[in-house]
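Quick note, the sequence shown lines up with residues 1214 to 1517 if you use my numbering.
C-beta: ideal position from N, C-alpha, C; glycine also.
All figures in this text were calculated on a predicted structure; none of them were measured in a lab.
Accompanying notes for the structure given below.
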Amino acid sequence: MTELSQHDALVRIGASTAEAIAQVLEAIVPGIVTRGDVTVHDGNGSPFGTIDPDSVLAGVSYVGAGSGANIFVAAPMSARTLASRMGVPAPESEDEPLSELELSAFSEAAQQMMASAAAAVGVVIGEEVEISPPRTDTVANAAAADELYGSSPYATTTTFSIDGQPCRLVQLIPSAFVTKIGNALEELAEGAPTLGREVTPGEAPPGISVQEALAGVGLRVWAELGRTLLPLGDTLGLPLGAVVELDRDTEEPVDLYVNGLRFGHGQLLVGDDGNWAIKIDELELRPGAVSTPSALTATTRSPH
């Protein structure tokens, strides 16, 4: 891969992921989010740069792809603004450290951002990206952030602000991702449809619309009827035909999940053709349930 195409590959993944993050932020804190430029780092120095003391890091690592991670870095006031929009009242004094409730609310928002970012990365490299469970940490400086996430062959950063307070998306990108993106760019150069406008050599491509980039991405959607806890020994000893009781009645609504995130509730239906269906009664499109009675149904083949 040439130096130019490698740079383009890194900018493409940075821009797509940053816009995915921006869309989630705009849903949580509408009207006060600004996205800045994507910067490709040359490997000298920390991509975290300078970090405000007590900044909050929310990140996920890529699973099975070598070293790499997406990390959202928020200054304390940015994290507090997000938490307040998630329903946690701000303290009387801005000088008070972030409370456990505020950190928990920030983590919930970050989980939504990281899921969207992983989907955006998957679009660019052409395959599903598996990520670790998100973690949230408070750090004093960039050295502490480097110690948490280590290094990677490639890195990008994108600046954000929330109500004027600084934030940053740091991406540590595995070599395998860059190769796959480079192959995708070569296919685009051979006439495949492009995302966004054409890019002049040496120019960083603009951000790609998430609605445009993610429109064809397949997501795993499932319904959860209920749960139960069993000791490992009991589980291994279950005979064929055993009945395991769940924690819900048959009349209770079932939870709907997409890529591990609950997005709604519905009623279980069974059709005459042997298929199961879910009538969606409530969607959680953003923090705070939104009651949305709907005639739409999600169907799944019943097991045989």
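Whole angstroms are fine: how far does the CA of residue j sit from the CA of residue i?
i: isoleucine 1234; j: valine 1342; result: 16 Å
i: valine 1467; j: leucine 1496; result: 12 Å
i: valine 1242; j: serine 1364; result: 31 Å
i: methionine 1299; j: alanine 1322; result: 8 Å
i: glutamate 1358; j: proline 1366; result: The residue asked about is misnamed: residue 1358 is alanine in this sequence, not glutamate. Cα to Cα, the separation comes out at about 16 Å.
i: glutamate 1411; j: valine 1253; result: Bear in mind that the predicted position of glutamate 1411 carries a pLDDT of just 43, short of 50, making it unreliable; the figure below should be weighed with that in mind. Using only the alpha carbons, I get a separation of about 20 Å.
i: alanine 1355; j: glycine 1262; result: 6 Å
i: glycine 1227; j: phenylalanine 1390; result: 12 Å
i: alanine 1220; j: alanine 1368; result: Note that residue 1220 is histidine in the sequence shown, not alanine. Rounded to whole angstroms, histidine 1220 to alanine 1368 spans 11 Å at the Cα level.
i: threonine 1370; j: glutamate 1315; result: 25 Å
Locate the beta strand (DSSP E) running through residue i, then write down its first and last residues.
i: alanine 1490; result: 1488-1496
i: alanine 1303; result: No beta strand (DSSP E) holds alanine 1303; DSSP gives it neither H nor E.
Just verifying my parser: in three-state terms, what is the DSSP assignment at residue i?
i: arginine 1461; result: coil
i: leucine 1481; result: strand
i: threonine 1512; result: A caution first: threonine 1512 carries a pLDDT of 37, below 50, which makes its placement in the model too unreliable to give a value.
i: alanine 1417; result: Per-residue confidence for alanine 1417 stands at a pLDDT of 43, beneath the threshold of 50, marking its modelled position as unreliable; no derived number is given.
i: leucine 1451; result: coil
i: leucine 1443; result: coil
i: glutamate 1315; result: helix
i: leucine 1238; result: helix
i: phenylalanine 1390; result: helix
i: serine 1227; result: The question names serine, but residue 1227 is glycine in the sequence shown. In this structure, glycine 1227 counts as helix in the three-state DSSP scheme.
i: glutamate 1232; result: helix
i: valine 1267; result: Reading the sequence as shown, one finds aspartate at residue 1267 and not valine. Correct three-state label for aspartate 1267: coil.
i: aspartate 1255; result: coil
i: aspartate 1221; result: helix
Just mark residue i as buried or exposed, buried being the case when its beta carbon has 16 or more other beta carbons within 10 Å.
i: arginine 1381; result: buried
i: arginine 1475; result: exposed
i: alanine 1353; result: exposed
i: leucine 1223; result: buried
i: asparagine 1488; result: exposed
i: aspartate 1522; result: Not covered by the structure: residue 1522. The range shown for the chain is 1214 to 1517.
i: threonine 1441; result: exposed
i: glycine 1477; result: buried
Can you tell me where the alpha helix (DSSP H) with residue i in it begins and where it stops?
i: serine 1280; result: Looking at the DSSP string, serine 1280 is not in any alpha helix (DSSP H), and its letter there is neither H nor E.
i: alanine 1296; result: 1289-1298
Between residue i and chain C, is any beta-carbon pair separated by less than 9 Å?
i: glutamine 1325; result: Here chain C cannot be found, since the structure has a single protein chain.
For the segment 1320-1388, list the alpha helix (DSSP H) runs that are entirely contained and at least 4 residues long, ordered along the chain. 1355-1362
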